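Take a look at the structure below.
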Amino acid sequence: MATKTALHLSLFATVKSMRQKFTILLTHQDVVGILSTISVDVFMRELIDELQTAFQRFSTTEFDVPIRTGFHYETPHPGLIEWMPLHRHGQSVFIKTVGYHPTNPQVRMLPTVISTFSLFDPTSGCLLAVCDGAALTALRTGAASAIATRMLSDLSRPVSMGLIGCGAQAVTQLHALMQVATINEIRVFDIRREVSDSLGDRIASFNHGDVPVIVTSVDDVVQNSDVISTATSISVGDGPLFDDLTPRDHVHVNAVGSDLPGKIELPLSLLSRSHVCPDFPEQAIIEGECQQLTREQIGSSIMCIVANADAYSNLKQQRTVFDSTGWALEDYVATELLMRYARELHVGSRVALSGNTDAPYNPYEGIKSIVTTGAR
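Residue numbering for the sequence shown follows UniProt numbering, beginning at 1 and increasing consecutively.
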């Protein structure tokens, strides 16, 4: 009898353990550890390839990706917190929570962009994974620009790269573009001279060809670059970054900084003379460079161009703009890639966040009751 009881308890414990849902927690240090182990070069190259495949195969029958929404505020400091959801039908639900606070680096020694990525099981609703998203956000933004540049620029020869805005995003823009293009010089401008002066040191780990970094003016960047990335924290109503300048006839611009209604980086004069390719058209027309255009003036999306590359090859000889507002699909692909490496390297903590219960209809199950007697 004792043996049967012990066996019953053992089986009960096994079944209960099988029902237990664990959440994988990847901290910033875990993410850094993974990227250090496999090398950030390898991760960036794989992310570019996987993201391009995701763009090519994207279908609304497989994915539901609403536009992001959230809270925008001016006090105590300008900023926003938004959420970016994605549902991959039958497989997973992904939600990115992202904060953008441009005063963070100077006031709090924190990144401008802070984010958290969460993966959920659509069958049970259980939280499968939580991951710090600061590095992944920068990586996927750079990867998206690299894909757009590969699709829309003539990279058969070395190109002159230009950067307006030399903060954190500038690092991954350069890193990603170096994976798809041969760059012979880098022209840079930032309103904070110390930030532009420090860019060379910040890219030294992947600037294997010692490509020269030239700190210069906005005019020089715009007029003498083949590929330009704009990644600034320009305030709503203060744009564009430049006007009345004539870029090269074949210039390609990755416009990264526009992410709010009324916040723009590029002049309408440039957009109207270019094929403007949005990452997520429904979102870009609200808060990207496309907010300056009518729907008829907006060109084909990055998904369409990647899926029909030959049909759009003529754009490589024209002025083009990639309107990069940031898309949850990009974050999802980056998260899936990181989670794959986390499993291979056994990185991350398993947390029984949701717990388990033998009484799913009783929210007080397991809570010890304290009986009190009222005063008489």
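C-beta: ideal position from N, C-alpha, C; glycine also.
All values derive from a computational prediction rather than experimental measurement.
Apart from the five residues just before and just after A13, which ones in its own chain have a Cβ nearer than 6 Å to its Cβ? Position 13 of the sequence shown, counted from the start, is the residue given in the question as residue 13. Because the pLDDT of A13 is 40, which lies under 50, any placement of that residue in the model is unreliable, and the question is left without a value.
Express the C-alpha separation of T103 and K16 in angstroms, rounding to a whole number. To locate residue 16, count along the sequence shown from 1; it is residue 16. To locate residue 103, count along the sequence shown from 1; it is residue 103. With a pLDDT of only 40 at K16, under 50, the local geometry of the prediction cannot be trusted, and the value read off the model is given with reservation. Cα to Cα, the separation comes out at about 48 Å.
Per the DSSP calculation, E185 is bridged to which residue(s)? Here residue 185 corresponds to residue number 185 of the sequence shown, with the count starting at 1. Partner(s): S160.
Simplified DSSP assignment, three categories, for V251: On the sequence shown, residue 251 is found 251 positions in, with the first residue counted as 1. Three-state result, V251: coil.
For S316, name the three-state secondary structure that DSSP assigns. The count along the sequence shown starts at 1 and reaches residue 316 at position 316. One detail in the question is off: residue 316 reads as Lys in this sequence, not Ser. K316: helix per DSSP, three-state reduction.
Option in D310, D226, L268 and D243 with minimal Cα separation from residue 378: This structure cannot speak to residue 378, because the chain is shown only from 1 to 376.
Endpoints, the alpha helix (DSSP H) within which A143 is located: Locating residue 143 in the sequence shown gives position 143, counting from the first residue. A134 to L152 is the span of the alpha helix (DSSP H), which, as asked, contains A143.
Span of the beta strand (DSSP E), counted from its first residue to its last, around F120: Sequence index remark: in the sequence shown, residue 120 carries index 120 (1-based). Where F120 is concerned, the enclosing beta strand (DSSP E) stretches over V113 to F120.
Only counting runs of 4 or more residues, tell me where the alpha helix (DSSP H) segments fall wholly within the stretch 195-262, in order along the chain. Counting only unbroken stretches of 4 or more residues, the alpha helix (DSSP H) elements lying wholly within the stretch 195-262 are 218-223, in sequence order.
Residue environment, K4, which counts as buried when at least 16 other CB atoms sit within 10 Å: Counted from its first residue, the sequence shown places residue 4 at position 4. With a pLDDT of 49 at K4, under the threshold of 50, the modelled position of that residue is not reliable, and the figure given next carries that caveat. With fewer than 16 other Cβ atoms within 10 Å, it is exposed.
Secondary structure, alpha helix (DSSP H): runs of 4+ residues fully inside the stretch 41-105: Correct list: empty.
Buried versus exposed, by CB contacts within 10 Å (16 or more), S301: The residue you call residue 301 lines up with position 301 of the sequence shown. Buried.
Contacting residues, own chain, Cβ-Cβ under 7 Å from A309 (five flanking each side not counted): By one-based count along the sequence shown, residue 309 stands at place 309. Excluding residues within five positions, the ones whose Cβ falls inside 7 Å are M151.
Could you compute how far the alpha carbon of Q223 sits from the alpha carbon of G167? Counting from 1 along the sequence shown, the entry for residue 223 is found at position 223. Counting from 1 along the sequence shown, the entry for residue 167 is found at position 167. Distance between the alpha carbons of Q223 and G167: 21 Å.
Measure the C-alpha to C-alpha separation of V113 and K368 and round it to an integer number of angstroms. Counted from its first residue, the sequence shown places residue 113 at position 113. Counted from its first residue, the sequence shown places residue 368 at position 368. When rounded, the distance between both Cα atoms is 43 Å.
Taking the C-alpha atoms as reference points, what is the distance between H275 and T149? On the sequence shown, residue 275 is found 275 positions in, with the first residue counted as 1. On the sequence shown, residue 149 is found 149 positions in, with the first residue counted as 1. Going from the Cα of H275 to the Cα of T149 covers about 13 Å.
Between the C-alpha atoms of F22 and V93, what's the straight-line distance to the nearest angstrom? As a working mapping, residue 22 is identified with position 22 in the sequence shown. As a working mapping, residue 93 is identified with position 93 in the sequence shown. Between F22 and V93, the C-alpha separation is close to 16 Å.
Taking C277 as the reference, give the member of V351, A143, R319 and T123 with the closest Cα. Walking along the sequence shown from the start, residue 277 turns up at place 277. Of the candidates V351, A143, R319 and T123, the one whose C-alpha sits nearest the C-alpha of C277 is R319.
Selected residue, minimal CA-CA separation from I286, among E62, L136, V306 and G262: The residue you call residue 286 lines up with position 286 of the sequence shown. For the residues E62, L136, V306 and G262, the minimum Cα distance to I286 belongs to G262.
Could you name the residues of the same chain whose beta carbon sits closer than 6 Å to that of I214, not counting the 5 residues immediately before and after it, in chain order? Here the question's residue 214 lines up with position 214 in the sequence shown. Closer than 6 Å at Cβ, skipping near neighbours: R187.
Can you look up H175 in the DSSP assignment and give me helix, strand or coil? Counted from its first residue, the sequence shown places residue 175 at position 175. H175 falls in the helix class under three-state DSSP.
Need the endpoints of the beta strand (DSSP E) that L337 sits in, please. Against the sequence shown, residue 337 aligns to sequence position 337. That residue, L337, is in no beta strand (DSSP E); its alpha helix (DSSP H) goes A328 to L345.
Residues that DSSP places opposite P278 in a beta bridge: As a first step, residue 278 must be located in the sequence shown, where it is residue number 278. DSSP, once it has assigned bridges, lists D323 as partnering P278.
Can you tell which of D323, S269, T246 and G299 has its C-alpha closest to the C-alpha of A284? Within the sequence shown, the letter at position 284 stands for residue 284. The candidate whose alpha carbon is nearest that of A284 is D323.
Which value, in whole angstroms, describes the spacing of the CA atoms of D210 and H89? Taking the first residue of the sequence shown as position 1, residue 210 is located at position 210. Taking the first residue of the sequence shown as position 1, residue 89 is located at position 89. The alpha-carbon of D210 is positioned some 45 Å away from that of H89.
Using a Cβ-Cβ cut-off of 8 Å, state whether M44 counts as contacting chain B. Chain labels in this structure do not include chain B; a single protein chain is all it has.
Considering just the uninterrupted stretch of the beta strand (DSSP E) at T294, what are its terminal residues? Here residue 294 refers to the residue found at position 294 of the sequence shown. Membership of T294 in any beta strand (DSSP E) is not indicated, and neither H nor E is assigned to it by DSSP.
Taking the Cβ atom as the reference point for each residue, do F206 and M178 lie within a distance shorter than 8 Å? For this step, residue 206 is matched to residue 206 along the sequence shown. For this step, residue 178 is matched to residue 178 along the sequence shown. Result yes, Cβ atoms of F206 and M178 sit closer than 8 Å.
Should G125 go down as buried or exposed, given a rule of 16 or more other Cβ atoms within 10 Å for buried? For the purposes of this step, residue 125 is taken as the residue at position 125 of the sequence shown. So G125 counts as exposed.
Could you pull the start and end residues of the alpha helix (DSSP H) that S272 belongs to? By 1-based counting over the sequence shown, the position of residue 272 is 272. From DSSP, S272 is part of no alpha helix (DSSP H); its letter is neither H nor E.
Residues in its own chain within less than 8 Å of P281 by CB, not counting five upstream and five downstream? Taking the sequence shown and counting its residues from 1, one reaches residue 281 at position 281. Same-chain partners within the cutoff: C290, I298 and S301.
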